[in-house]
Structure formats: C-alpha cells, structure tokens
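In what follows, a single structure is set out as structure tokens and then discussed.
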Amino acid sequence: MAMRDLITGATSCPDPSASSSSQNPLASFANVLTGSLSKTQERVREIPSSNSTGSASQFYSEPLNQLPGSEFDKPFIEANSQGSEFINRFRSAGAAGFEETWGEIQRDGSQLQLYDGRGQLPPQLHQPALDGTPQRVLSTFLHSFLDSSRGGIPFHPTSLPVLGLSEGDKQCIRDRSSIMARHLFADKSEEFIHAQVNALLSSLDIDSNVRGKGPMPERFRELDDYWNESQGNVIQGAHASDGWISEFSQNRERYDNPDAWANSFEQQHGVNGWVSEFEHSQLSSVDQMRGMNMQNIAAMEQTRMLANTLAQNADPKFQNSKFFQFVSKMSRGELIIDENQVKETALPAPGDWASEYQQQYNHGDAWAGEFLNNKAFSGVRPEQWAKEFATERQQNGAVDDQWVDEFSNLRVNDWAEEFGQQVGEGAFGEDSSNNWAQAYDEFLNEQYVAKQRSDSSRGVYVFSDLNPYVGHPNPLKEGQDLFRKGLLSEAVLALEAEVLKSPENAEGWRLLGIAHAENDDDQQAIAAMMRAQEADPTNLEVLLALGVSHTNELEQSAALKYLFGWLRHHPKYGTIAPPEMSDSLYYADVARLYNEAAVMSPDDADVHIVLGVLYNLSREYDKAIAAFERALKLKPQDYSLWNKLGATQANSVQSADAIMAYQQALDLKPNYVRAWANMGISYANQGMYDESVRYYVRALAMNPKAENAWQYLRISLSCASRNDMLEACDSRNLDLLQKEFPLQ
Amino acid sequence: MSDSSNLKSEAIIELMKQHFSTDAGKELVKKIGLVYQFQIAPKKIGIDEVVYTVDLKKGEVTKGAYEGGKPDATFSFKDEDFVKLALGKLNPQIAFMRGAMKIKGSLSAAQKFTPDIFPKPSKL
Chain A
1 MAMRDLITGA TSCPDPSASS SSQNPLASFA NVLTGSLSKT QERVREIPSS NSTGSASQFY
61 SEPLNQLPGS EFDKPFIEAN SQGSEFINRF RSAGAAGFEE TWGEIQRDGS QLQLYDGRGQ
121 LPPQLHQPAL DGTPQRVLST FLHSFLDSSR GGIPFHPTSL PVLGLSEGDK QCIRDRSSIM
181 ARHLFADKSE EFIHAQVNAL LSSLDIDSNV RGKGPMPERF RELDDYWNES QGNVIQGAHA
241 SDGWISEFSQ NRERYDNPDA WANSFEQQHG VNGWVSEFEH SQLSSVDQMR GMNMQNIAAM
301 EQTRMLANTL AQNADPKFQN SKFFQFVSKM SRGELIIDEN QVKETALPAP GDWASEYQQQ
361 YNHGDAWAGE FLNNKAFSGV RPEQWAKEFA TERQQNGAVD DQWVDEFSNL RVNDWAEEFG
421 QQVGEGAFGE DSSNNWAQAY DEFLNEQYVA KQRSDSSRGV YVFSDLNPYV GHPNPLKEGQ
481 DLFRKGLLSE AVLALEAEVL KSPENAEGWR LLGIAHAEND DDQQAIAAMM RAQEADPTNL
541 EVLLALGVSH TNELEQSAAL KYLFGWLRHH PKYGTIAPPE MSDSLYYADV ARLYNEAAVM
601 SPDDADVHIV LGVLYNLSRE YDKAIAAFER ALKLKPQDYS LWNKLGATQA NSVQSADAIM
661 AYQQALDLKP NYVRAWANMG ISYANQGMYD ESVRYYVRAL AMNPKAENAW QYLRISLSCA
721 SRNDMLEACD SRNLDLLQKE FPLQ
Chain B
1 MSDSSNLKSE AIIELMKQHF STDAGKELVK KIGLVYQFQI APKKIGIDEV VYTVDLKKGE
61 VTKGAYEGGK PDATFSFKDE DFVKLALGKL NPQIAFMRGA MKIKGSLSAA QKFTPDIFPK
121 PSKL
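These protein sequence lines are chains A and B, in that order. In terms of full-length UniProt numbering, the first sequence opens at residue 1 and continues consecutively. In terms of full-length UniProt numbering, the second sequence opens at residue 1 and continues consecutively.
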C-alpha cells in the first residue's frame, strides 16, 4: 500500500463506490496502526514449530467466529457533525474498504484453504475467524482490538491458541499496544484504557506488569499529551468542505481555551476521535480537489492529509518532529505556499493558545517530579521504541520517497526536497529519534532544574539538602577557613550553616555570595548578596558584588542600580552622587560620576574596578580593560581582578590575552571555578572545543552545581564531535568525563 | 546601553558581531552561509520587537531587517528565551515545540540554527 495514495487521495478515491480497490487509504491506515504486526509476523515465521496446524485446529474448535465487540462494528455517524453527509458516503465505501483490508490479510497468509479443508467458510468476510497460523491469529486478533475501539466498548479477553511469542515480541506488543491505546481512547478514562490494554495483553498471555508497573509509564502520558495537543490542533481545522475560514472565526473563542477545544473536539467527533476525522478529511478533500482549483486550499488539503497520515505513525517522536510540525502548520493554514514561498498567515489565536498552554504548563511541575520517581523504570523504554521507529523507517524508506516525490509536485520543493534528502540520509531514522528523545529528556531536566531554580531566580536563596556543618559550633570561622583554602563548595555548606544559625549575619551572607560567584553560580550569588544587603544595606563589597553578578546575568538596569549604590554609600564619593538620581538612572550619568571619582583619587583601585564593570555594561571593552589594568597595578594579588580582566578581554575577542589573565588568576587561586569555566569559554569561542571540554570538566569537578558549565560542556562536546560522551554529560557522570578528558 | 535598548539579547548579538572578526567566526560563516533575522521582543512575541540581522554569509551583524533581499530564516523570540537559547539553556526544538520560538522561511536554514553558533559571554 503506497503512501502516495494517501497523499493523492484524489486519484485513488475518485468515486467513493470505487474505493474498494487495493489502493485503499483505510487499508493502509489499518496497516499503519498495526505497523508492528508485520515484524511480529516475520519473527513468528522464523519459529518452525509455531506453524503447525495443530494449534490452529485446537483453537478452531472454539466458537469464536464472532469477534468480541464486532457487533458494534458498524458505521459510526454523528448526526450533528458537519459534513456527516460525507461520512455517510464514505462509510458506504468504507465497509468495502475494510473487507479489502481483511481480504489482503487473508491472502497474505494464503490460509483460505484451511476453511476449505474443513468444509466451512467464515460467515462474513469482514468478521474473520481467529484461525490459521499464529501470525494470522495475531493479526486478526489485533485488528479486532482496533475495531473494538470504534464502538468504544470494552474489549473482552479472549482465549487464543499458543502463539509462541518470544519475550521480544511480547515486549513489542505490550509497548505498542499501550501507546496505541492512548491514541485510540484519548477521550476515555485512564481505567478504561488500562482495562482495554490488559484485556488484550492477557489474551496474548503477556504480563502487563513485566516492567513492574502498568503498561503506560508517566513519561508516555506526557508525550501523548503533546501528541494530542498537536493532534487536536490539526483536527480542529479540518472542516474544509464548509470553508475553514468562516469556521475558524466561529471557533475562535474555542482556540483561546485549551480545554474548550478538547471538549468541542470530543463533542463533534465522539468516541471515534481522529479515526473518523481522518476518514472525513479524506473524503472532504476529495470533494475539495474536484470542486476547486485554488492552489492554497488544495495544498492545505494535501498537507492536512499528509498530517493525518503522519499522525497515524503512532510515534510521539515523529509527531513532534519539525517536519511534522511544519506540515501540521500548513494544514491548519498558518503557513501557505505562495509562488514557491512559504508564508505565514495571520492567525493569532493558536499563538495565544500556545502561550496560554505554556503558562498553565509552567505552573504544573507535578509531573516532572513524578517522572523523576519513575525515571529508573521508564528510562529503558524510549530506547526500545526509538529502535523500533528506526527499523520501521528503514522498511518504509522507499515508500516515503514516493510520497515525497508526490508532495514536491505541489511546488513545495524547498522543504519537501529537504525532507526527502533527510529520509535518504536516514536523518529521520535513529539519529533524529535519538535527538528528539534527548531533547525531551533535556526538557524534563530543564523542568526539574527550573523547579529547583525558580526560587533562586526570584532571588530566594536555595539551601543544600544535607549539610554536615549544621550544628557546627562556629560555622562562620569554618567557612572562612575553607574559603581561604579554596574549598569553595565546602565553604558554601559551612556558610549556609552559619546563615541558618544567624540569618541576620551580613558577613555570613556576603562570604556565601562571594563563594557562589567564585563557584560560577551567579544566581545563588545574587540571592545570598541580597540577604547580605538586607542585613547591611550600605556594605560596599556587597553592592559591588551585586553589580558584578547582575552584569554577568546581563541584567543591566539592576547592575546599574547597585553600582550607583556603591558610589552613593561610599564615605568619600557619596557627596558627588545626588540621591535623587537613583529614581531614574542613566548609564551615562553614572559613568560620568565614576570618572569624577577616579579623578578625585586616581590611586583607589576600587573606583577603577567599578569603572571597569560599568564599561563592561556599555560594552566599551577597551576602556574596561584599561580600567582593570590600572586597578591591577594597585592590587596585583587580586585573583578576581585578573579574572575580570580576562573576561573583559574574552568578551572583546582577545581570547589569547584572556587566557593569560585567567592563568594569573588560577596561579593565585587554583580552585577558582569561575576562571576554569572562563578558560573553557575562551577556548570554545576560538573553536578549540577539545581544550574547552577539558576546562569545563575541570570546573565541574570542583563544582558540579555550575549549571552554565554543564550546558557549555554539552555544546562543546557536540562541536568536538564527541557525541559519545553526551550521555555522560547528561547523566553528569563526572568520573567518566574526568577520565576521558584529563587536563594536562 | 550606549545604544539604548535594554534587551539582554543585545549583549549576545554584540558578542556575535565581534566574533566574526575571529578565525572561529570566519569558520562559522564558511559552515553556515545563511542569513538569519532575529525579532526579539522584550515580553511577548510580536510586541515591540527589535530586529537584528545576522548575516552568516558575509559575517555581519546589523540592527534592523535584512536589506539584501529575504533572509533565509526569520526567528521570533522573547528576550529571555533568546538568551537561554544562545547560552544552551534551551534547546531550539523544545523552544519551537513550546511556542517560545517562531520560525519563518526555509526549514533547512532553520535547522542549522543551533546554540553553538553563538559565542558565550565570559563572566567577571
């Protein structure tokens, strides 16, 4: 069954009554849904003993010609649905289509003789007996499972002959059917889906709890949510025959509410969900193609069909691929093809909807936590379906090319070719699946980190979980000692114990902030420094540190506020800073005041330091470098000053100089994580990714909580073509990374 | 600050501008050879956007829309998201998936847009 025919529904279904040709879209639809079947069949064929007719005849003695739920297998018609007329027409053809599907399956197995041999014929073609070789039994059985979904009635367990399924087959069926059931019964309760899947699995003698949990891990539910989101969106726009534009404006309000469209979709399409919708859009687009020649509408129809076809590749990774998103977008009319150009149409509502969804989504961190609990378990499965997806892709490769050809005839050459090329290169095979899976993992990770970090990004300090220094008689002294020894992460713990003991201790908070800054964690540094400033609002070191950290976080106005505060609270320069200026701060004014201060006391290193930071804010790097160099002449032993000089040089693309400055800083303070991380950045910005990896790893070995360094490490690893180590990076396996990337 | 806007993204864009004078930057031009247009909004996509053109054909960064024809791909972000993306904190695929990044233009061009084309800012 060629995908081509799905895309060019117009040619293969010119007349509904003639659609029982072998090129029937529904036949392929069923095949797509039971995609795992062919592989299972092949595997089963390899087992010699499983082909014996003995098992078949044993089974045949049971009166199971009537499939469970098949009495409900009749045309599903929604009286109120628009275009129900089309469904009716299509249905009349659809029954024939199903017969054809079954017919194909029967012929494939060439098992019809079996009936002859027993002098019996099945009463109806489209109610096939559960009979024949194991692969055929399995095939018809799975089809009946799919069919039961159409009536929305529970699927009852059935006893089947011994099928000789291997563990791998079982695993495959278990996973696939679980995922599939989520799609088929998207509008049903969780219990119902479980019951359905369990009925199927128990019939096949597959333990649904092999992995120690229900058939559907949380992870997949989340994936399916995504899938359903995109799905719902595609389907909403599918009333082409009634003019989707007017439809859209009517439905506009629904788009604003993510729940609303889900409900309305359910109302309109009921239990059959997208299955019927698919048929519907097939049909309506046939009409569309006949009745109109408007290129865009035609292209939209084509992409809608393509989107639907692709949607039936029940693989969430594929569902979320860029290509699929693009196709979905086109099918919704958000993108149109105009003289070979892809254009975006004005369609504000989906955007609103998306952002709204995102807002809601951001509040719900619950599942992220949930996922983490299950991580050990679910981590195994994605690989499996990734592999499965890849194999399927290979098998379908030729077919894909066909429809890409077909599709590029629509003059969407640009991306269709691109996609074709990618299919050719296998980019949609394992690689992209893995990428996608990785992306999803990252996303989960990000959610988790965001959950942890959302506090600190709001300026709330996040304490470590297990702190051995709690209860220490003098944690401040301990922290100061550790800090002096350069054990920054340890010092952080001791100082946390200190500020837990005495939350008003400005010095504890200040040193904690400094330790975090040197540990390359500006957000925690800011949070600690803000507490220090609360306790002691005029502490100059705290104000400067806040100015520096906000500069690093690219938060210009905040940085400016604290740097002005430094001047205003300085015993010597406070007089030149008019207090009323803090209401509306302008960079130029603040810079002018500091230049005045520098003229007043040219030997005050601190003024030059603040000036250097200010010039970093305005990206006048030459002036910043000059200011820091002047300060270094006065304070040559200040390692943080060497780092500031280096960072400024790096930001003004003088990476070679920067590395020398960082080296000075590290000679003075070997455990200065920030300088190690900055080294990595400088090498990376020079394209020396291999070196940069070593420095990032070194920095992370000293502070595994340096989030930025992990992200940069990941980028450098992939730029250095060391994708083999990405997993170690993602799982934060420092031992392995250190072994692999020692620093000479 | 010297040229007005308060976007965090501007720091990254400026860094990019200088980056093109380095060997690594020139390598990037060879590797990608496309023109990207970034439309960066302070709070909400589409509102008060500041437009930058990153010409990875010539190795130039300019403020404003591309004047040499059509950019190969145009991206719209919020300021925050652009910075996250450039610093590797946000994966482009995820950004797209979540609607945090909107793309116009050629898909193949858009796919070459990855966090590693941006130089990373060093920290004081």
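Where is the CB? At the ideal position from N, CA and C, for every residue including glycine. Since the model is a prediction, treat every value here as computed from it, not as a measurement.
**Message:** By the three-class DSSP mapping on this structure, what secondary structure does E60(B) have?
**Reply:** strand
**Prompt:** Measuring CA to CA, which of T74(B), Q111(B), K120(B) is closest to V54(B)?
**Reply:** T74(B)
**Request:** Count the other CB atoms, across all protein chains shown, that sit within 10 Å of the CB of G565(A); report buried if there are 16 or more and exposed otherwise.
**Result:** With 16 or more other Cβ atoms within 10 Å, it is buried.
**Asked** What does residue 126(B) pair with, by DSSP beta-bridge criteria?
**Response** Examination of residue 126(B) is not possible in this model, given that chain B is present from 1 through 124 alone.
**Prompt:** Mind pulling the chain B residues with CB within less than 7 Å of R714(A)?
**Reply:** By Cβ distance, chain B contributes G88.
**Prompt:** How long is the line joining the alpha carbons of Y615(A) and L544(A), rounded to whole angstroms?
**Reply:** 14 Å
**Item:** Alpha carbon of N708(A) to alpha carbon of K572(A), nearest angstrom
**Value:** 38 Å
**Residues bridged to M101(B) (per DSSP)** = F77(B)
**Prompt:** Which class does R481(A) belong to by DSSP, given the choice of helix, strand or coil?
**Reply:** For clarity, residue 481(A) is Asp in the given sequence; the question names Arg instead. If DSSP states are grouped into helix, strand and coil, D481(A) belongs with the helices.
**Message:** If I measure Cβ to Cβ from F32(B) and keep anything under 7 Å in the same chain, skipping five residues before and after, which residues do I get?
**Reply:** Before going further, note that residue 32(B) is Ile rather than Phe in the sequence given. Contacts found: L56, K112, I117.
**Item:** D55(B) in three-state terms, based on DSSP
**Value:** Correct three-state label for D55(B): strand.
**Asked** When Cβ atoms are compared, which residues of the UniProt repeat "TPR" (673-706) of chain A fall closer than 8 Å to chain D?
**Response** Here the protein chains are A and B, and chain D is not one of them.
**Asked** So what's D730(A) in DSSP terms, helix, strand or just coil?
**Response** helix
**Message:** My output table needs one value for V35(B): the three-state DSSP class, helix, strand or coil.
**Reply:** strand
**Request:** Quick one: residues in its chain with C-beta nearer than 8 Å to the C-beta of Y621(A), no 5 flanking neighbours on either side, listed in chain order?
**Result:** Y615, T648, Q649, N651, S652
**Spatially closest choice to K44(B) from D81(B), K58(B), G88(B), by CA coordinates** = D81(B)
**Request:** Compute the distance between the beta-carbons of Y672(A) and N643(A), then report whether it is under 8 Å.
**Result:** Yes.
**Opening and closing residue of the alpha helix (DSSP H) in which Q523(A) lies** = Taken as a continuous stretch (DSSP letters only), the alpha helix (DSSP H) holding Q523(A) covers 522-535.
**Prompt:** Around the Cβ of V599(A), are there at least 16 other Cβ atoms within 10 angstroms (buried) or fewer (exposed)?
**Reply:** exposed
**Request:** Look at the Cβ atom of L163(A), then the Cβ atom of V137(A), and state whether they are nearer than 8 Å.
**Result:** yes
**Prompt:** Tell me which same chain residues have a C-beta within less than 6 Å of the C-beta of F77(B), skipping the five on either side of it?
**Reply:** I40, M101
**Message:** Give me the chain B residues within the contact set of C719(A), using Cβ-Cβ distance strictly less than 8 Å, ordered along the chain.
**Reply:** D116
**Request:** Please work out which residues of its chain come closer than 6 Å, Cβ to Cβ, to R694(A), disregarding the five sequence neighbours upstream and downstream, and give them in chain order.
**Result:** F741, L743
**Request:** Using a Cβ-Cβ cut-off of less than 8 Å, list which residues of the stretch 631-657 of chain A approach chain B; keep chain order.
**Result:** Of all residues in the stretch 631-657 of chain A, N643, K644, G646, A647, T648, A650, N651, S652, V653, S655 have a Cβ within less than 8 Å of some Cβ in chain B.
**Asked** Who are the Cβ neighbours of G479(A) in its own chain at under 7 Å, not counting the five residues just before and after it?
**Response** A491, A494, L495, E498, L511
**Prompt:** Can a CB atom of chain B be found closer than 8 Å to the CB of R619(A)?
**Reply:** yes
**Asked** In terms of alpha-carbon separation, which member of D583(A), D606(A), A656(A), N552(A) lies closest to R619(A)?
**Response** With distances taken between Cα atoms, R619(A) lies closest to N552(A).
**Prompt:** E711(A) and N6(B): beta carbons closer than 8 Å?
**Reply:** Reading the sequence as shown, one finds Gln at residue 711(A) and not Glu. Result no, Cβ atoms of Q711(A) and N6(B) do not sit closer than 8 Å.
**Asked** V460(A): which of P473(A), A527(A), A675(A), V542(A) sits nearest, CA to CA?
**Response** Nearest C-alpha to V460(A): A527(A).
**Message:** I'd like to know whether the C-beta of S557(A) is nearer than 8 Å to at least one C-beta of chain B.
**Reply:** Yes, contact with chain B.
**Request:** Under the assumption that T641(A) contacts A631(A) (Cβ atoms under 8 Å), give the Cβ distance between them as a whole number of angstroms.
**Result:** Looking at the sequence provided, one finds Leu at residue 641(A) rather than Thr. Confirmed, Cβ separation roughly 6 Å.
**Asked** Counting only beta-carbon atoms, is Q37(B) nearer than 8 Å to chain A?
**Response** no
**Request:** Buried or exposed for Q93(B), please, with buried defined as at least 16 other CB atoms from any protein chain shown within 10 angstroms of its CB.
**Result:** By the neighbour-count definition (other C-beta atoms within 10 Å, threshold 16), Q93(B) is a buried residue.
**Request:** With 8 Å as the threshold, decide whether the Cβ of N616(A) is near any Cβ in chain B.
**Result:** Interface residue, yes.
**Message:** Taking CB distances under 8 Å as the criterion, tell me whether V613(A) reaches chain B.
**Reply:** Taking Cβ atoms only, chain B reaches closer than 8 Å to V613(A), which makes this a yes.
**Asked** Would H516(A) pass as a contact of A525(A) if the rule is Cβ separation under 8 Å?
**Response** Pairing H516(A) with A525(A) gives a Cβ-Cβ distance under 8 Å.
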